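Structure first, commentary second.
Chains as they are written, first to last, in the working numbering: chain C, 50 to 244; chain E, 3 to 327.
Structure below.
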């Protein structure tokens with residue numbers, strides 16, 4: 050083992066993520082964010098069925114997803130036209146904007162019995178291992194806390210059914226074989242994970 | 003992560019669909035986006051000035067790449083000849099050229115635990131440069147994302163990540179050796195794990211019969227990814243010919259494990275694991291601050307370590323004159 054005091058270990062950060070190219074035709078932050086807000090909510094808290102909330106998502110996660118969508122790696126038909134032509138700088142602006150907003154639970158009714166069942170499942174499935182025990186997410190891992198129940202349920206089903214893979218297939222593994230009721234319970238828990 | 007003969011570091015990604023080129027010119031370091039829009043272009047290999055890029059469903063070759071960093075142009079598309087499976091599960095690529103000049107690449111099991119078609123999934127295979135002549139080199143491999151050849155014996159060593167959902171303590175991940183003349187040997191997946199643990203879900207009579215046992219166990223759910231042997235002279239002599247292993251860290255266990263770089267000291271067909279880079283995991287709070295993914299020894303003897311979580315590459319150097327201060 051290299052121990053400090055026995056040897057000198059030099060750590061240099063060589064690569065920071067996302068080198069930013071020069072701006073093309075710059076769009077203002079208000080223009081960029083306005084297009085997102087129409088569906089995702091002005092404050093990033095979605096009020097539309099099956100549309101995810103972006104408020105309080107880790108900035109790194111938002112950056113990744115926008116790049117993946119723009120470059121055609123993650124295909125979401127309704128997003129395709131909106132992300133086309135975004136520069137890296139635009140993406141940075143959007144990501145910083147929504148990451149800085151406070152997340153709020155949606156007005157969907159939560160079922161306490163389902164949430165209790167979801168809490169037990171979340172422990173067994175080790176959700177907090179990557180998403181953090183608070184389910185707030187970190188770096189490239191999304192926030193689940195206060196996300197919309199309908200969106201989360203659908204996303205979980207897509208992972209279980211293999212129609213969505215994510216950046217790696219760990220999510221497919223984590224929810225393999227769960228019932229619809231299990232996935233719904235997880236979503237009810239995630240929206241308000243306070244113990 | 004590979005380095006070209008002229009010193010460019012090429013960095014693949016599993017998240018972002020990009021390949022970066024990192025160049026050092028006139029005292030400044032620049033990281034530029036070389037390629038984008040690929041599906042997990044994690045497997046990068048250099049050969050004769052060409053960069054081979056292996057994504058989940060594509061094999062591309064960019065010739066004379068270090069002279070064309072600003073405009074790599076259209077690649078030679080080898081996808082059809084390589085004919086890799088298109089499933090995403092456990093299929094992000096690692097690839098390397100062996101001492102026999104062939105291109106080695108892994109195909110993971112397309113599940114956590116299941117029967118696989120052994121001709122398609124769960125193995126390491128090798129090809130001629132043009133994608134012809136496919137042969138399977140190691141069978142029964144669940145998911146390896148790192149292998150290298152021992153500098154002295156020339157034998158292939160590889161990591162294999164054990165299955166999930168059998169508890170906190172196992173089955174442990176494996177470090178394996180393909181002994182000379184044993185190409186095509188069977189390493190146990192899905193019937194037999196971690197040196198003799200029969201799988202409770204996928205059963206067969208005598209589950210561990212004919213299975214090559216691991217050279218070392220590398221910890222429960224530790225997720226050993228990159229593996230490279232060290233032949234440099236910057237580190238103390240005791241590091242010569244050891245293998246460095248980047249452990250991405252566990253998710254499928256309560257008390258986290260890994261999140262470090264370890265050294266495997268090899269003795270014949272066995273290996274001993276010891277710590278090298280630690281401190282990214284705080285066992286008291288069960289929190290982690292980085293996820294090492296790959297290790298790349300450089301010609302000067304220093305070691306690059308990539309960290310997927312922070313999107314960073316670290317360089318580790320050693321100075322004998324400063325040691326002991």
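Yeah, the Cβ is synthetic: ideal placement off N, Cα and C, and Gly gets one too.
The model shown is predicted, which means the values in this text are computed figures rather than measured ones.
### Query
Could you give the C-beta distance for residue 290 of chain E and residue 251 of chain E, rounded to a whole number, given that I count them as a contact under 8 Å?
In the second chain, the residue the question calls residue 290 of chain E occupies position 288. In the second chain, the residue the question calls residue 251 of chain E occupies position 249. Sure, about 6 Å apart at Cβ, within 8 Å.
### Message
Please state whether the Cβ-Cβ distance between residue 263 of chain E and residue 244 of chain E is less than 8 Å.
### Response
Walking along the second chain from the start, residue 263 of chain E turns up at place 261. Walking along the second chain from the start, residue 244 of chain E turns up at place 242. Contact flag unset, no.
### Task
Starting from the C-beta of residue 115 of chain E, find all residues in its chain whose C-beta is less than 7 Å away, skip the five residues before and the five after it, and write them out in chain order.
Taking the first residue of the second chain as position 1, residue 115 of chain E is located at position 113. If we look at residue 115 of chain E and ignore the five residues flanking it on each side, its Cβ neighbours are 165, 192, 201, 203 and 204.
### Message
Measuring CB atoms only, is the segment 72-82 of chain E touching the segment 102-115 of chain E, in the sense that at least three cross pairs come out at less than 8 Å?
### Response
no
### Query
From the beta carbon of residue 245 of chain C, is the nearest beta carbon of chain E less than 8 Å away?
The displayed coordinates of chain C run from 50 to 244. Any statement about residue 245 of chain C would go beyond what the structure contains.
### Element boundaries [alpha helix (DSSP H), containing residue 110 of chain C]
The residue given as residue 110 of chain C occupies position 61 in the first chain. That run of the alpha helix (DSSP H) goes 108-119.
### Query
Can you tell me the Cα-Cα spacing of residue 167 of chain C and residue 85 of chain C, whole angstroms?
Here the question's residue 167 of chain C lines up with position 118 in the first chain. Here the question's residue 85 of chain C lines up with position 36 in the first chain. Each residue's alpha carbon lies about 30 Å from the other.
### Task
With 8 Å as the threshold, decide whether the Cβ of residue 92 of chain E is near any Cβ in chain C.
By one-based count along the second chain, residue 92 of chain E stands at place 90. Yes - at least one Cβ of chain C is within 8 Å of the one on residue 92 of chain E.
### Query
Whose C-alpha, out of C:232, C:233, C:155 and C:139, is nearest the C-alpha of residue 76 of chain C?
The count along the first chain starts at 1 and reaches residue 76 of chain C at position 27. Closest by alpha carbon: C:139.
### Task
Name the one or two DSSP bridge partners that residue 14 of chain E has.
As a first step, residue 14 of chain E is located in the second chain; it is residue number 12 there, counting from the start. Answer is E:21.
### Message
Tell me which residues share the same chain as residue 258 of chain E and place their Cβ nearer than 7 Å to its Cβ, disregarding the 5 neighbours each side in the sequence.
### Response
Position 256 of the second chain, counting from 1, holds the residue named residue 258 of chain E. Hits under 7 Å: 251, 252, 283, 288 and 290.
### Task
Compute the distance between the beta-carbons of residue 113 of chain C and residue 17 of chain E, then report whether it is under 8 Å.
Counting from one through the first chain, the residue named residue 113 of chain C turns up at place 64. Counting from one through the second chain, the residue named residue 17 of chain E turns up at place 15. Yes, Cβ-Cβ distance for residue 113 of chain C and residue 17 of chain E is below 8 Å.
### Task
Just the C-alpha distance for residue 230 of chain C and residue 238 of chain C, rounded to the nearest angstrom, thanks.
Start at 1 with the first residue of the first chain, and residue 230 of chain C comes out as number 181. Start at 1 with the first residue of the first chain, and residue 238 of chain C comes out as number 189. If you take the alpha carbons of residue 230 of chain C and residue 238 of chain C, they lie about 12 Å apart.
### Query
Rounded to a whole number of angstroms, what is the C-alpha to C-alpha distance between residue 153 of chain E and residue 320 of chain E?
Here residue 153 of chain E refers to the residue found at position 151 when the second chain is read from its first residue. Here residue 320 of chain E refers to the residue found at position 318 when the second chain is read from its first residue. Each residue's Cα considered, the two are about 21 Å apart.
### Task
Say whether chain E places a C-beta atom closer than 8 Å to the C-beta of residue 178 of chain C.
Within the first chain, residue 178 of chain C is the residue found at index 129, counting from 1. Yes, its Cβ sits closer than 8 Å to a Cβ of chain E.
#### Entry: C-alpha gap between residue 89 of chain E and residue 134 of chain E, whole angstroms
One-based indexing of the second chain puts residue 89 of chain E at position 87. One-based indexing of the second chain puts residue 134 of chain E at position 132. One C-alpha to the other measures close to 21 Å.
### Query
How would you write the range of the alpha helix (DSSP H) that residue 218 of chain E sits in, first residue to last?
Position 216 of the second chain, counted from the start, is the residue given in the question as residue 218 of chain E. Residue 218 of chain E -> not in any alpha helix (DSSP H); beta strand (DSSP E) instead, spanning 218-222.
### Query
Which word fits residue 28 of chain E, buried or exposed, when buried means at least 16 other C-beta atoms lie within 10 angstroms of its C-beta?
Position 26 of the second chain, counted from the first residue, corresponds to residue 28 of chain E. Exposed, because fewer than 16 other Cβ atoms sit within 10 Å of the Cβ of residue 28 of chain E.
### Task
Answer with buried or exposed for residue 212 of chain C, where buried requires no fewer than 16 other C-beta atoms within 10 angstroms of its C-beta.
Numbered from 1 along the first chain, position 163 holds the residue referred to as residue 212 of chain C. When all chains shown are included, residue 212 of chain C counts as exposed.
### Under 8 Å between C-beta atoms of residue 219 of chain E and residue 176 of chain E
If you number the second chain from 1, residue 219 of chain E lands on position 217. If you number the second chain from 1, residue 176 of chain E lands on position 174. Their beta carbons are under 8 Å apart, which means residue 219 of chain E touches residue 176 of chain E by this criterion.
### Query
To the nearest angstrom, how far is it from the Cα of residue 156 of chain E to the Cα of residue 183 of chain E?
If you number the second chain from 1, residue 156 of chain E lands on position 154. If you number the second chain from 1, residue 183 of chain E lands on position 181. In a straight line, the C-alpha of residue 156 of chain E is about 11 Å away from that of residue 183 of chain E.
### Query
Can the beta-carbon of residue 39 of chain E be found closer than 8 Å to that of residue 217 of chain C?
For the purposes of this step, residue 39 of chain E is identified with residue 37 of the second chain, where counting begins at 1. For the purposes of this step, residue 217 of chain C is identified with residue 168 of the first chain, where counting begins at 1. Going by C-beta atoms, residue 39 of chain E is not nearer than 8 Å to residue 217 of chain C.
### Per-residue burial, residue 158 of chain C [other beta carbons within 10 Å of its own, 16 or more giving buried]
Translated into positions along the first chain, residue 158 of chain C becomes position 109. Classification for residue 158 of chain C: exposed.
### Neighbour-count burial assignment, residue 242 of chain C, 16 or more Cβ in a 10 Å radius
Locating residue 242 of chain C in the first chain gives position 193, counting from the first residue. So residue 242 of chain C ends up on the buried side.
### Task
Would you mind telling me which residues of chain E sit closer than 8 Å to residue 219 of chain C, beta carbon to beta carbon, in chain order?
Residue 219 of chain C sits at position 170 when you count from the first residue of the first chain. The contacting residues are 253.
#### Entry: Partners in chain E for residue 120 of chain C, counting only beta-carbon separations shorter than 9 Å
As a first step, residue 120 of chain C is located in the first chain; it is residue number 71 there, counting from the start. Those are 18, 19, 20, 38, 39 and 40, listed as they occur along chain E.
### Message
Which complete beta strand (DSSP E) runs does the segment 54-99 of chain E hold, if anything under 3 residues is left out?
### Response
61-64 and 97-99
### Query
What residues from the segment 147-178 of chain E come within 9 Å of chain C, judged by C-beta to C-beta, listed N to C?
166 and 167
### Residues that residue 231 of chain C bridges to, as DSSP identifies them
If you number the first chain from 1, residue 231 of chain C lands on position 182. Beta-bridge pairing links residue 231 of chain C to no other residue.
### Task
Determine the extent of the beta strand (DSSP E) in which residue 314 of chain E is found, giving its start and end residues.
Along the second chain, read from residue 1 onward, the residue named residue 314 of chain E stands at position 312. First-last of the beta strand (DSSP E) with residue 314 of chain E: 314-318.
### Query
In its own chain, which residues sit with a C-beta less than 7 Å from the C-beta of residue 132 of chain C, not counting the 5 before and 5 after it?
Locating residue 132 of chain C in the first chain gives position 83, counting from the first residue. Same-chain partners within the cutoff: 115, 118 and 119.
### Task
For the segment 54-68 of chain E and the segment 170-190 of chain C, state whether three or more C-beta atom pairs, one from each stretch, are separated by less than 8 Å.
no
#### Entry: Neighbour list for residue 73 of chain E in chain C, Cβ cutoff strictly below 9 Å
In the second chain, counting from the first residue as 1, residue 73 of chain E sits at position 71. Those within 9 Å of residue 73 of chain E in chain C number zero; the least Cβ separation is about 14 Å.
### Task
Identify every residue that forms a DSSP beta bridge with residue 310 of chain E.
The count along the second chain starts at 1 and reaches residue 310 of chain E at position 308. The partner list for residue 310 of chain E (beta bridge, DSSP) is empty, contrary to what the question assumes.
#### Entry: Per-residue DSSP class, three states only, for residue 132 of chain E
Taking the second chain and counting its residues from 1, one reaches residue 132 of chain E at position 130. DSSP places residue 132 of chain E in coil when its eight states are reduced to three.
### Query
chain C partners of residue 114 of chain E, CB-CB under 8 Å?
Sequence index remark: in the second chain, residue 114 of chain E carries index 112 (1-based). Ordered by position in chain C, the residues that pass the 8 Å Cβ test against residue 114 of chain E are 222 and 225.
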